[in-house]
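Right, one structure below, let's go through it.
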Amino acid sequence: LSGTWSSSTSSILHVDPKTGVAVAQDVGSVTVHYEVAGHLRTYKEIVVGVPQRIMAQHTQPVQPGFQEAAASKVVVAVGDRSSNLRGECSPAQRAVVETLRPESLVRCQLQFKHAIFDFPARDVFTVEPGFDTVLGQYFCRVRMRRLTDKQLKPLSMKTTALVVTASLPSSHFSAEQVGAEVPFISGLYADPAEILLSSRYPSSDIKVFGAPEVLENLEVKSGSPAVLAFMKERTLGPPGFVTYTVSISDPVAGSQGPLSTALTFSSPSTGHTVSIPVAVTLVMDRRGPGPYGASLFQHFLDSYQVMFFTLFALLAGTAVMVIAYHTVCAPRELATPAALAPRASPGHSPHYFAASPLTSLHTSPPVRKASPPSGLWSPAYASQ
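Here the sequence shown is numbered in the working numbering, starting from 66 and rising by one per residue.
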């Protein structure tokens, strides 16, 4: 015979009428009734108490952390018992427990252990409650979101943990909350985000940032044999980074057109990877189509400091030569114009000598422009 289950106060204890599975939703006293129509009717008093502690515990094996698309599970114990199931449940009753969704009664919160970032933990992680019907345990499932470059850069340079706590939404529950620390690794961050190589600039450095566990066995793989990467420096930090020198192995790489490939940095121990695009182009010489880089003339033009210095040196040298020429080669005294020089000739009339004092004016600056010499000393002027 099958009976019917019921609760005197469903807001405190919600009971499934067919299987008798009940979920406590609040604190208080409630009466549970069981009735078989025409045969049996019974009841029992139940008191839902206040849990003294809600403890979150990261029970998974110790790992370096988790990454995007992977989840970390934090078990939540409400009260002093490890299981929140009372009694044995049949498979049919476990199926009913899933429909009652007891995890909706638990709220999961998360935050960074140290406030060293400009964004909250919820911008980086998602958290949702759950319930294991076999073990009878609440849990919080934490996942990492897809990170932006602004988030990935500080997360890869600084180390902290994620703290997960759980609580019950009812105002009657004021239990002690014990959080669990969850380690995590954000991933790898590379600076710069892309590399451009050419015959003029055949090499470039790149820094890969990450946690020490990731950088310890970091591997690099090139998508083309024309591009090579060699480790230059390793610093475990914080911040931890590895510097690689990326160079062109073939001097005529890109002669058939731009070459596009990628460098993949990966950590076998944690599974983190990052790919950096690499472009190789051929820079032609301005003086000719030579494929082996810029000529001497091209390097001279590119070095604008040398070009400006040479120009100013030429101008200064020219000025010195002009000054030296005028100083050495120019006469020290200007020659007297032949038209104003006095000429003593006995054949001239006395009027010529009367005008001779005017000729002394050639030693001082002239007051006005003189008439042409032919007009001053013509015989017609002297006869007057």
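Each residue gets a CB set at the ideal place from its N, CA and C atoms; glycine is no exception.
Linking aspartate 81 to alanine 87 through their CA atoms gives a straight-line distance of about 6 Å. Excluding sequence positions up to five before and after valine 161, its CB lies within less than 7 Å of the CB of Asp81, Thr84, Val86, all in the same chain and listed in chain order. For lysine 215, the enclosing alpha helix (DSSP H) begins and ends at 214-222. Restricted to the segment 93-148, the beta strand (DSSP E) segments that are unbroken, complete and at least 3 residues in length are 93-101, 105-113, 118-122, 136-143, listed in chain order. In the displayed model, glycine 195 falls within a strand according to three-state DSSP. Per DSSP, alanine 294 is one residue of the beta strand (DSSP E) stretching across 292-300. DSSP lists Ala89 as the beta-bridge partner residues of leucine 78.
For leucine 165, the closest of Tyr108, Gln90, Leu105 by C-alpha to C-alpha distance is Gln90. Comparing alpha carbon positions, the residue from Lys109, Glu110, Val141 closest to threonine 124 is Val141.
Annotated as proximal: glutamine 117 and glutamate 241, with beta-carbon spacing under 8 Å. A straight line joining the alpha-carbon of glutamine 158 with that of threonine 198 spans about 9 Å.
With contacts defined by Cβ atoms closer than 8 Å, leucine 175 and leucine 227 form a contacting pair. For proline 234, no pairing in a beta bridge is given by DSSP.
Straight across, the Cα-Cα distance linking serine 251 with glycine 275 is about 8 Å. Taking a cut-off of 8 Å on C-beta distances, the segment 254-263 does not touch the segment 282-289, as fewer than three cross pairs fall below it.
Threonine 346 places its beta carbon 8 Å or farther from that of serine 268. Arginine 206 is bridged by DSSP to Lys138, Glu193.
Under DSSP, phenylalanine 306 forms a beta bridge with Phe274, Thr300. Cβ contact annotation for phenylalanine 177 (same chain, cutoff 6 Å, sequence separation greater than five): Ala186, Thr225, in chain order. Pairing phenylalanine 182 with proline 219 gives a Cβ-Cβ distance under 8 Å.
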